[in-house]
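Numbering (UniProt numbering), first residue to last: 1 to 279.
Think of the CB as a built atom: it goes at the ideal place given N, C-alpha and C, for glycine as much as any other residue.
First comes the structure, then the notes that go with it.
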């Protein structure tokens, strides 16, 4: 009963703290404090609920148990991180997004390709990953190359659609003005169309950060060496080692948030002139 009472008091304290912060002048400190307090409150409530209601750790381990397992499995978690994130997700992300951007430039240069490629892209993007992953694993093998191929398929077309839309964002008057300056396609692309497309391109890059990580992890369920986040999750579930499963989930959440945040910071530095970055 004591854990339940403590959890209720922690929730009440966190709620009152966030209400008070919401009334303060907006600043970087208050913007950071609100989600931190909310997150800490959720973790405390989780711990109190597991201990207070006596929930079986196989169903839901306590955060303290997950933290202990995390600290004791840093070597395994690092090995899985390198295999899944650095080799599979990041390489596929770079190849997929880079290829999509170059394809978007070709489509923008030769508009007739848009009618042929984009419908195919929409079709491929609608294919379920659980159907594509086993095929790509058979084609490229069980190591990280097949995971990178799955990521390429997942990120290519969302990035392509955003890049094509961005390159067409300029209006006819702006393009006519560039022609009056005798600017060819290359100079117009670099000086006008590409800068105007940056918000769209970064929107695609941010969307695909999460797709890349999900694709690499899910692909490992269909064949992997004896390492990787997806491999570890699937085998640990079979062994009822749910604390290790949750430790891998924590790593994935941290990596995904950091990946998205890094792209968002880069966007802010590159598109500082855009209205969305002001204020």
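Span separating the alpha-carbon of residue i from that of residue j
i, j, result
"residue 216", "residue 252", "11 Å"
"residue 284", "residue 94", "Any question about residue 284 goes unanswered here, given that the chain covers just 1 to 279."
"residue 97", "residue 106", "14 Å"
"residue 11", "residue 241", "29 Å"
"residue 9", "residue 41", "10 Å"
"residue 43", "residue 225", "33 Å"
"residue 57", "residue 71", "18 Å"
"residue 77", "residue 229", "8 Å"
"residue 64", "residue 194", "49 Å"
"residue 255", "residue 86", "11 Å"
"residue 151", "residue 196", "27 Å"
"residue 140", "residue 104", "26 Å"
"residue 26", "residue 32", "10 Å"
"residue 270", "residue 191", "14 Å"
"residue 159", "residue 100", "6 Å"
Start and end residues, alpha helix (DSSP H) containing residue i
i, result
"residue 27", "First-last for residue 27: undefined, no H or E at that position."
"residue 145", "144 to 167"
"residue 62", "From DSSP, residue 62 is part of no alpha helix (DSSP H); its letter is neither H nor E."
"residue 222", "Run containing residue 222: none; DSSP gives neither H nor E here."
"residue 134", "129 to 140"
"residue 126", "Careful: residue 126 lies outside any alpha helix (DSSP H) and carries neither H nor E."
"residue 93", "90 to 109"
"residue 265", "242 to 270"
"residue 230", "229 to 238"
"residue 170", "Looking at the DSSP string, residue 170 is not in any alpha helix (DSSP H), and its letter there is neither H nor E."
"residue 55", "Taken as a continuous stretch (DSSP letters only), residue 55 belongs to no alpha helix (DSSP H), as it is neither H nor E."
"residue 74", "74 to 81"
Residue from the options with nearest C-alpha to residue i
i, options, result
"residue 137", "206, 164, 266, 153", "153"
"residue 156", "1, 205, 199", "205"
"residue 260", "16, 31, 8, 90", "90"
"residue 69", "104, 248, 44", "248"
"residue 265", "143, 199, 23, 222", "199"
"residue 102", "162, 203, 222", "162"
"residue 223", "208, 130, 268", "130"
"residue 73", "257, 258, 236, 268", "236"
"residue 146", "238, 158, 132", "132"
"residue 148", "187, 88, 53, 119", "88"
Residues near residue i in its chain [Cβ-Cβ closer than 6 Å; skip 5 each side]
i, result
"residue 48", "3, 6, 7"
"residue 203", "162"
"residue 23", "none"
Own chain partners of residue i with C-beta closer than 7 Å, once the 5 adjacent residues on each side are dropped
i, result
"residue 143", "225"
"residue 227", "79, 80, 83"
"residue 165", "200"
Check: residue i C-beta below 7 Å from any heavy atom of the ligand NAP
i, result
"residue 161", "Absence of the ligand NAP from the depicted structure is noted, as is the absence of any ligand whatsoever, leaving it without description."
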